[in-house]
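For reference, the structure is listed below as structure tokens.
In structure tokens, the structure reads:
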């Protein structure tokens with residue numbers, strides 16, 4: 295069994311730079327801390343702790359759920375006491391975010407974005423369960439399918455876990471340091487919404503979008519109707535976390551000019567130090583910008599096709615198939631799907647112009663998109 299002394303490290307420990315010990319996500323955050331980026335305080339349950347609880351883990355075989363050793367349980371309670379301590383004693387409830395950090399994720403070739411577990415509103419009472427749940431997400435159906443589709447098998451199969459002070463984000467989102475469509479490679483794209491970022495990542499919220507030039511000035515912005523958010527200040531973590539945004543805030547911009555410029559500046563600094571474009575997760579709490587994650591943008595389409603009309607990505611298929619359909623699959627589906635959409639570069643898009651003509655109501659673009667994506671009652 296590995297030395298229990300190496301099972302938990304502070305994220306600021308230089309040893310966390312080693313992704314084979316701390317996982318790709320934690321290694322990146324450690325490096326960002328060394329570059330003085332605003333990363334929340336955290337500890338890492340290393341890959342050695344994982345290996346001590348699983349004998350000979352393999353990608354294709356889902357093992358039994360382990361029980362944590364008493365040593366690890368005790369160590370987790372110690373870091374909870376450290377992270378959950380409120381030196382100002384403001385009475386604010388403080389929680390943890392527990393994030394998977396697979397040993398082979400967030401590389402230049404593949405990211406595993408969304409394949410492994412993240413948990414919010416974690417307290418000292420359920421920290422042990424959250425850590426094991428992150429370990430077990432290594433064998434989630436989506437993670438197994440993603441690994442099966444990779445051309446090369448990584449020798450580093452295992453899971454570290456980040457235990458981090460949860461940022462109770464009033465606003466959150468992502469910043470692509472280059473436009474991921476390839477249409478405007480000199481522009482950064484920020485997507486932003488109210489509350490925690492989970493609703494944006496899984497497609498339940500249409501975000502505000504800001505395009506910024508190389509000087510950091512906003513060239514264009516599109517403000518969406520943000521009807522829902524994942525609450526940043528639940529009094530009871532067991533309650534429903536998805537809540538309605540007050541009507542007067544739904545169409546308000548989630549970022550002002552200075553905030554968008556600050557996010558783009560931080561993100562571009564990260565990309566410059568990495569030498570490759572980055573997909574950066576950020577959050578704002580009490581006007582402070584925090585960096586939660588950064589990974590290379592693994593695919594940028596530099597030659598997008600010219601398509602006439604208005605087309606909306608059909609998210610139910612995009613969320614269930616992590617890669618574009620192959621030409622053969624496209625050919626098969628083309629024979630059975632109704633004629634209200636088409637495949638563009640392996641993704642299915644709905645013809646907004648056609649369906650708008652068939653609907654006997656006048657809808658704005660946001661409402662039409664919600665209807666096409668089957669969000670809420672028609």
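Residue numbers (our numbering): 295 to 672.
We treat Cβ as the ideally placed atom computed from N, Cα and C, and that holds for glycine.
Within the segment 539-614, the runs of alpha helix (DSSP H) that reach at least 4 residues and sit entirely inside it are, in chain order, 541-544, 551-568 and 609-614. Residue 488: member of the beta strand (DSSP E) spanning 482-488, first to last residue. Nearest Cα to residue 528 within the set 332, 624, 460 and 394: 460. A straight line joining the alpha-carbon of residue 481 with that of residue 565 spans about 13 Å.
Residue state for residue 537 is assigned as strand, using DSSP reduced to three classes. As the crow flies, the alpha-carbon of residue 611 is around 19 Å from that of residue 441. Within a 10 Å sphere around the beta-carbon of residue 571 sit 16 or more other beta-carbons, which makes this residue buried. Non-local beta-carbon contacts of residue 604 in its own chain, meaning distances under 7 Å to residues more than five positions away in sequence, involve 646 and 647 in chain order. Restricting attention to 320, 305, 331 and 327, the CA atom closest to the CA of residue 556 is found in 331. Buried is the label assigned to residue 553, since at least 16 other Cβ atoms lie within 10 Å of its Cβ. Collapsing the DSSP output to three states places residue 478 in coil. DSSP places residue 522 in the strand class (E or B) of the three-state scheme.
Under the 8 Å Cβ criterion, the segment 534-546 does not count as touching the segment 504-516, having fewer than three qualifying pairs. Under DSSP, residue 413 takes part in a beta bridge, and its partners are 392.
Residue 305 carries a coil assignment under DSSP once its states are collapsed to helix, strand and coil. For residue 429, the enclosing alpha helix (DSSP H) begins and ends at 421-430. The three-state secondary structure of residue 467, taken from DSSP, is strand. Cβ atoms of residue 457 and residue 339 come within 8 Å of each other, at about 7 Å. Residue range 512-516 is occupied by the beta strand (DSSP E) that includes residue 513, with no alpha helix (DSSP H) assigned at that position.
Taking a contact as a CB-CB distance under 8 Å, the pair residue 428 and residue 394 counts as one, their CB atoms being some 4 Å apart. In the structure shown, residue 352 adopts extended strand secondary structure according to DSSP, grouped into three states. Distance between residue 545 and residue 504, taken at the CA atoms: about 14 Å.
Collapsing the DSSP output to three states places residue 529 in coil. Under the three-pair Cβ rule at 8 Å, the segment 348-356 does not count as touching the segment 316-328.
With a 10 Å radius around the Cβ and a threshold of 16 neighbouring Cβ atoms, residue 493 comes out buried.
In the DSSP assignment, residue 656 falls outside any alpha helix (DSSP H) and carries neither an H nor an E.
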